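To start, the structure itself, in structure tokens.
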Amino acid sequence: MRFPHSYPFAMFRFLVFVFALALGLSHTATAAGELPARPNPFTFVTDKAQLLSETDAKKLESGLRSYADNNGTQVVVVTVPTLDGRTVADYARALGTAWGVGQRNQNNGVVVLISAQERQVSIQAGSGLRSQVTPALTDRIISQEMAPQFKQGRYFAGLRAGLNTLLQAANPGSAPTQAPAATSPATTTEAPVASAPLDEPMEQPSSAPFSPGMSSPTPSHRGRAWVLCCWAPWR
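Residues in the sequence shown are numbered consecutively from 430, following this note's numbering.
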């Protein structure tokens, strides 16, 4: 007995399967594309949410670049408008892995992520800094040094204070120098901050070389491990 409609029905099911597969692949690609692209040339401050003045961003960039050159440890600051459904901790770890933050054989990168819409901040460190950058330390940095300033819209002051403590903890032997004060009214604060190796801003050429561990614009991140540290809202 022949069923003339069996072939069209089978083809219909096949087309539904292909469509579902394509939709799933498209969703995966979109999710992967939600992360900001790795800067090229590489920068240590990526202010997608525009929370910093240009002058203050350059100050942080100069200090973090100098710190990486002198100590090898790479600390990046990234602000994003929204987390697009991710948790702030997962977003920060994914960013650290995708960008290859830290020296490959040391796993000594740190990502400081700020989300403007969700009003959350996370500090995620590579496994090579497990003993120096602990959950207790990052929780204290966020709750006592960053969040109080962020609540007032003083993002540079909060980052400066938090980074001062973070950089010294990551490399206790690093020689501290006084961090520069904020220059724009939106980020100026009279609150005292810790001394830290954030130097005066230096002009960086547009084709500035990659710092140690950033020698390739498309590095392999296989085997890179990240340790869950802390995150918090600052509402």
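We put the beta carbon where it would ideally sit given N, CA and C, even for glycine.
Note that this is a predicted model, so its numbers are computed, not measured.
Nearest candidate by alpha-carbon position, reference residue i, set the options
{"i": "residue 555", "options": "470, 522, 507, 565", "result": "522"}
{"i": "residue 593", "options": "496, 563, 515, 549", "result": "496"}
{"i": "residue 464", "options": "470, 499, 494, 515", "result": "515"}
{"i": "residue 470", "options": "509, 513, 528, 578", "result": "528"}
{"i": "residue 557", "options": "550, 575, 530", "result": "530"}
{"i": "residue 500", "options": "532, 560, 581", "result": "532"}
{"i": "residue 601", "options": "569, 560, 468, 581", "result": "560"}
{"i": "residue 548", "options": "568, 483, 498, 584", "result": "584"}
{"i": "residue 520", "options": "550, 498, 468", "result": "550"}
{"i": "residue 582", "options": "564, 545, 569", "result": "545"}
{"i": "residue 467", "options": "526, 564, 569", "result": "526"}
Residues that DSSP places opposite residue i in a beta bridge
{"i": "residue 476", "result": "508"}
{"i": "residue 503", "result": "538"}
CB of residue i within 9 Å of CB of residue j, strictly
{"i": "residue 596", "j": "residue 511", "result": "no"}
{"i": "residue 517", "j": "residue 473", "result": "no"}
{"i": "residue 552", "j": "residue 492", "result": "no"}
{"i": "residue 571", "j": "residue 480", "result": "no"}
{"i": "residue 562", "j": "residue 598", "result": "yes"}
{"i": "residue 478", "j": "residue 506", "result": "no"}
{"i": "residue 665", "j": "residue 573", "result": "Past the boundaries of the shown model lies residue 665; the chain is included only from 430 to 664, so the question cannot be answered."}
{"i": "residue 566", "j": "residue 575", "result": "no"}
Short CB-CB distance (under 9 Å) between residue i and chain D
{"i": "residue 586", "result": "Among the chains in the structure shown there is no chain D, since it carries only a single protein chain."}
#### Entry: Inter-stretch contact at 8 Å, needing at least 3 Cβ pairs: the region 534-542 / the region 483-493
Flag = no, the region 534-542 and the region 483-493 do not touch.
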